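Engineer: Chains as they are written, first to last, in this note's numbering: chain L, 226 to 411; chain Y, 226 to 411. Don't be surprised by glycine CBs; every beta carbon is placed ideally from N, CA and C. Fair warning: this is a prediction, and the values are worked out from it, not measured in the lab. Right, I'll just put the structure down here and ask away after.
Protein chains: 2
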Amino acid sequence: MSTAHKRKKDPQAVRQQLLEVAADLCVEKGAAGLTLDAVAAAAGVSKGGLLHHFPSKADLLFGLLDDLIARMDAAIAAAMRADPEPHGRFTRAYVGVTFGTGAMAEEARWKAMTIPLLAEPDLRARWRDWIALQAERHAGTDASLDCTLARFALDGLWLASVLESHPMDAAQAERMKERLFDLSRG
Amino acid sequence: MSTAHKRKKDPQAVRQQLLEVAADLCVEKGAAGLTLDAVAAAAGVSKGGLLHHFPSKADLLFGLLDDLIARMDAAIAAAMRADPEPHGRFTRAYVGVTFGTGAMAEEARWKAMTIPLLAEPDLRARWRDWIALQAERHAGTDASLDCTLARFALDGLWLASVLESHPMDAAQAERMKERLFDLSRG
DNA sequence: GCAATAAAACCGTCCAGACGGTATGTTTAT
DNA sequence: ATAAACATACCGTCTGGACGGTTTTATTGC
């Protein structure tokens, strides 16, 4: 028994709530282990309500990834606007955003969710498209060997942070970040 | 109806066969889509037989990962023996083995296992342990910033190859490999 | 050597629960 | 009034794995 029908309806908010809850569960259980029942329950919505917003599980996962990509795009675009030097600009923005100066809790959650998302072949394709788009868009400024290497290193670093396999203190992280910036300029 | 009980019993071989078949199916369907029935059928063993060797699905996946890790350990050890320079020796071996000259089947298995490895918390822990062990063991020779960075870059490169997100031709790959070797010496 | 006995290595079936999705009713906003 | 935004109930399938047999191998006693 829920009281959802008593409160004011706000479809957008419910949709957002569903996405956030799904993201959390995705981090815990992985995309494969994500169940519609669990999402609905955790969001305080019935399963029917969930399926109203996202007609299928696949749609829900697509929604998750699209949201993630949109946020990342926005953050990268903002970082790039603040960088006067064209060469390696995208790489630096990518590094800066992933190292995440701001909202750590949020960052960590979205980062951790990426892996489970990538486990699904259909979602992978979407992710790949985004990568390809970025590569094409910044081919003129970020295609050098060291820029590419810096981005790969960042991916590895990010992987390590998700796995918690390479515990690093703040000083080490800072040195690494600076080294990556160096590479982006070379 | 099977004839397994007619032929000579060889538990080790059956176990190995199960692992190989499971690995192959993992490549095809992904670890999430791996079913015990499918593994048992493909290995010519009943489901009961499979569950005799691996009491649960999790155990099967553990077995799969442990097998891969053992092989990788061997390959890395061999590569390290052939490298006279101590500094960065492990990093170079890691790079060399991952770039993988030979054993394509093995590489395909690693690729298939990578995503599940990152997605499943239990498998993740196992992998993390291995990383920690290596880091500790080679702390004296491979802990420099550039060595660490090279390994991170390699991980990123590996991920890209799994996701097929950064198509690279052989020449590019070779240049990247050389650059990583350079970093391991600095 | 050789039964006898235990233990390991299987086989084949069946089931309980989980899960995605449908079908239909009920409330709320416009 | 009508459509969107939910809730409730239910179904079919799929899958892990429990279970009780059967056959082969190993060990022990004599």
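For chain Y, find out if any of its Cβ atoms is closer than 9 Å to the Cβ of residue 373 of chain L; answer yes or no.
Structural biologist: Chain Y contact via Cβ: present.
Engineer: Give me the chain L residues within the contact set of residue 352 of chain Y, using Cβ-Cβ distance strictly less than 9 Å, ordered along the chain.
Structural biologist: Ordered by position in chain L, the residues that pass the 9 Å Cβ test against residue 352 of chain Y are 388, 390.
Engineer: Excluding the 5 residues preceding and the 5 following residue 257 of chain L in the sequence, name in chain order all residues of the same chain whose CB lies nearer than 8 Å to its CB.
Structural biologist: Only 341, 344, 345 meet the Cβ criterion.
Engineer: Alpha carbon to alpha carbon, what distance is there between residue 264 of chain L and residue 386 of chain L?
Structural biologist: Near 26 Å, if we compare the C-alpha coordinates of residue 264 of chain L and residue 386 of chain L.
Engineer: Out of Y/308, Y/324, Y/288, point me to the one whose CA is closest to residue 247 of chain Y's CA.
Structural biologist: With distances taken between Cα atoms, residue 247 of chain Y lies closest to Y/288.
Engineer: Residue 367 of chain L CB to nearest chain Y CB: under 9 Å?
Structural biologist: False, the Cβ-Cβ gap to chain Y never drops below 9 Å.
Engineer: Evaluate residue 277 of chain Y with the Cβ neighbour count: other Cβ atoms within 10 Å of its Cβ, from every protein chain shown; 16 or more gives buried, anything less gives exposed.
Structural biologist: So residue 277 of chain Y counts as exposed.
Engineer: Can you pull the chain L residues whose beta carbon is under 9 Å from the beta carbon of residue 356 of chain Y, in chain order?
Structural biologist: By Cβ distance, chain L contributes 385, 388, 390, 391.
Engineer: Could you pull out every residue in the same chain whose Cβ sits closer than 7 Å to the Cβ of residue 321 of chain L, ignoring the five residues on either side in sequence?
Structural biologist: Within the same chain, residue 321 of chain L has close Cβ partners 304.
Engineer: Mind reading off the beta-carbon distance from residue 272 of chain Y to residue 284 of chain Y? Whole number of angstroms is fine, and I expect it under 8 Å.
Structural biologist: Residue 272 of chain Y to residue 284 of chain Y, Cβ: 14 Å. No contact.
Engineer: Is there at least one Cβ from chain Y nearer than 9 Å to residue 288 of chain L's Cβ?
Structural biologist: No, its Cβ sits nowhere closer than 9 Å to a Cβ of chain Y.
Engineer: Just reading off the alpha helix (DSSP H) that residue 409 of chain Y is part of, what are its end residues?
Structural biologist: 395-410 is the extent of the alpha helix (DSSP H) around residue 409 of chain Y.
Engineer: Are the C-beta of residue 301 of chain Y and some C-beta of chain L separated by less than 9 Å?
Structural biologist: No, no contact with chain L.
Engineer: Go to residue 371 of chain L, then tell me how far its alpha helix (DSSP H) extends in each direction, as first and last residue.
Structural biologist: 370-388 is the extent of the alpha helix (DSSP H) around residue 371 of chain L.
Engineer: Go ahead and label residue 378 of chain Y buried or exposed: buried means 16 or more other beta carbons lie within 10 angstroms of its beta carbon, across all protein chains shown.
Structural biologist: Under this definition residue 378 of chain Y is a buried residue.
Engineer: CB-CB under 6 Å to residue 391 of chain Y, same chain, minus the five flanking residues each way: which ones, in chain order?
Structural biologist: Once the five neighbours on either side are set aside, the close Cβ partners of residue 391 of chain Y are 385.
Engineer: Quick check on DSSP: helix, strand or coil for residue 347 of chain L?
Structural biologist: If DSSP states are grouped into helix, strand and coil, residue 347 of chain L belongs with the helices.
Engineer: Any C-beta of chain L sitting closer than 9 Å to the C-beta of residue 345 of chain Y?
Structural biologist: Answer yes: the Cβ-Cβ gap between residue 345 of chain Y and chain L drops below 9 Å somewhere.
Engineer: Run through chain L and tell me which residues come within less than 9 Å of residue 381 of chain Y, C-beta to C-beta.
Structural biologist: Neighbours of residue 381 of chain Y on chain L, chain order: 374, 376, 377, 378, 379, 380, 381, 382, 383, 384.
Engineer: Looking at C-alpha atoms only, which residue of Y/398, Y/370, Y/268 is the closest neighbour of residue 239 of chain Y?
Structural biologist: For residue 239 of chain Y, the nearest C-alpha among the options comes from Y/268.
Engineer: Please say whether residue 404 of chain L and residue 382 of chain Y have beta carbons closer to each other than 9 Å?
Structural biologist: Cβ atoms of residue 382 of chain Y and residue 404 of chain L: not closer than 9 Å.
Engineer: Does the structure place the segment 289-296 of chain Y close enough to the segment 347-360 of chain Y that three or more beta carbon pairs sit under 8 Å?
Structural biologist: At 8 Å Cβ cutoff, the stretches touch.
Engineer: Among the residues of its own chain, which have a CB less than 8 Å from the CB of residue 358 of chain L, if the five just before and after it don't count?
Structural biologist: Once the five neighbours on either side are set aside, residue 358 of chain L has no close Cβ partner at all.
Engineer: Could you compute how far the alpha carbon of residue 308 of chain Y sits from the alpha carbon of residue 280 of chain L?
Structural biologist: Going by the C-alpha atoms only, they are around 57 Å apart.
Engineer: Using only alpha-carbon positions, find the residue among Y/388, Y/408, Y/402, Y/317 that is nearest to residue 418 of chain Y.
Structural biologist: Absent from the model: residue 418 of chain Y. The displayed extent of chain Y is 226 to 411, so no value can be given.
Engineer: Does any residue of chain Y have a CB that is nearer than 9 Å to the CB of residue 334 of chain L?
Structural biologist: By this cut-off, residue 334 of chain L is not an interface position.
Engineer: Going along chain L in order, which residues have a C-beta closer than 7 Å to the C-beta of residue 340 of chain Y?
Structural biologist: Within chain L, the residues near residue 340 of chain Y are 343, 344.
Engineer: Give the residues of chain Y in contact with residue 250 of chain L, contact being defined as C-beta atoms less than 8 Å apart.
Structural biologist: What residue 250 of chain L touches in chain Y: nothing, since even the nearest Cβ is about 13 Å away.
Engineer: Do you know offhand how far residue 363 of chain L's Cα is from residue 376 of chain L's?
Structural biologist: Using only the alpha carbons, I get a separation of about 13 Å.
Engineer: Do you know offhand how far residue 250 of chain L's Cα is from residue 259 of chain L's?
Structural biologist: Residue 250 of chain L and residue 259 of chain L: Cα-Cα distance of roughly 7 Å.
Engineer: Name the chain L residues that come within less than 7 Å of residue 268 of chain Y, Cβ to Cβ?
Structural biologist: Within 7 Å Cβ-Cβ: nothing; residue 268 of chain Y doesn't reach chain L, min ~23 Å.
Engineer: With distance defined between alpha-carbon atoms, name the residue in L/314, L/236, L/333 nearest to residue 253 of chain L.
Structural biologist: When each option's Cα is compared against that of residue 253 of chain L, the closest is L/333.
Engineer: Roughly how many angstroms separate the alpha carbons of residue 242 of chain L and residue 236 of chain L, rounded to a whole number?
Structural biologist: So the two alpha carbons sit approximately 10 Å from each other.
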